[in-house]
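Structure, as structure tokens:
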Amino acid sequence: MLRKTAMKQYFQHLLVITTIIAIAGYLLFQTPNKKAPDIKLTSIQGQNLNPSTLKNQIILVNFWATSCTGCIQEMPELIKLQEKYKNNNYKTIAIAMDYDNPEYIANYVAEKKLPFFIQHDVNGNIAKAFGDVGLTPSTFLINKNGDIIKKYVGVADINEIEKLIEKEIKRSV
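Here it is in structure tokens:
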């Protein structure tokens, strides 16, 4: 009898701990309706993007590095997203981390013919503006109001991103 009570208490404690961890994880990785930082960007090709030019667009910001296997793994999917939604006020912005080698970035961009805006975050200021991004890949989906509606740390769920993009396109029609 005593053993049954101890087991019951053990499972109750385990349930409470699991619930706390799940809630903490949700809060850590979700950033609903937090405004995206208001920053000026300059691509590795010298193209400028100002916050005003990004208004009324759905933006996917992806922090990546050429040495990151998860980043390289998801890049073809990001290319497909850009191609699929480019006529729907959608833009992908890929931010190469400050520690990445500029030559490696340029070679990768040329080799893969990346069809989106690429910036090398030389000083790490963009990563800081997005909440001290340190892990790659890290991806933020921003709606047309400039709100971060989804954040991924690690390889992003592309199916979920597509659903969110579709929802945002329909919402603004």
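Taking the numbering used here, the leading residue of the sequence shown gets 3, the next gets one more, and so forth. Even glycine gets a Cβ: it sits at the ideal position worked out from N, Cα and C. The structure displayed is predicted, hence computed values, not measured ones.
Do you know whose CA, among Asp40, Ala129, Pro39 and Val155, lies nearest aspartate 100's CA? Ala129
DSSP three-state call for leucine 62: helix, strand or coil? strand
C-alpha distance - isoleucine 160 paired with threonine 7, whole-angstrom precision: 45 Å
Short of 6 Å in beta carbon distance, which residues of its chain neighbour tyrosine 92, apart from the five on each side in sequence? Order them along the chain. Ile60
When you compare only the Cα positions, how much space is there between asparagine 116 and proline 104? Asparagine is not the amino acid found at residue 116; the sequence shown has leucine there. So the two alpha carbons sit approximately 15 Å from each other.
Does the distance from the C-beta atom of threonine 2 to that of alanine 67 stay below 8 Å? Residue numbering for the chain in the displayed model covers 3 to 175; residue 2 lies beyond these limits and cannot be assessed.
Answer yes if the stretch 70-88 comes into contact with the stretch 48-55, meaning at least three C-beta pairs across the two stretches below 8 Å, and no otherwise. no
Closer than 7 Å by C-beta to isoleucine 167: which residues in its own chain qualify, once you throw out the five before and the five after it? Chain order, please. Ile60, Tyr87 and Tyr92
Check whether the Cβ atoms of alanine 38 and glycine 148 lie closer than 8 Å to each other. yes
So if DSSP puts tyrosine 101 in a beta bridge, which residue, or which two residues, is it bridged to? According to DSSP, tyrosine 101 bridges with nothing at all.
3-residue-minimum beta strand (DSSP E) runs that sit fully inside the stretch 118-164, ordered along the chain: 119-122, 140-144 and 149-155
Residues that alanine 96 bridges to, as DSSP identifies them: Asn64 and Ile120
Under a CB-based cut-off of 8 Å, is glycine 133 close to chain D? Annotation note: the requested chain D is absent from the structure, which comprises a single protein chain.
For tyrosine 157 versus glutamine 75, is the C-beta distance shorter than 8 Å? Here residue 157 is valine; the residue named in the question, tyrosine, does not match the sequence. Yes, these two residues count as a Cβ contact at 8 Å.
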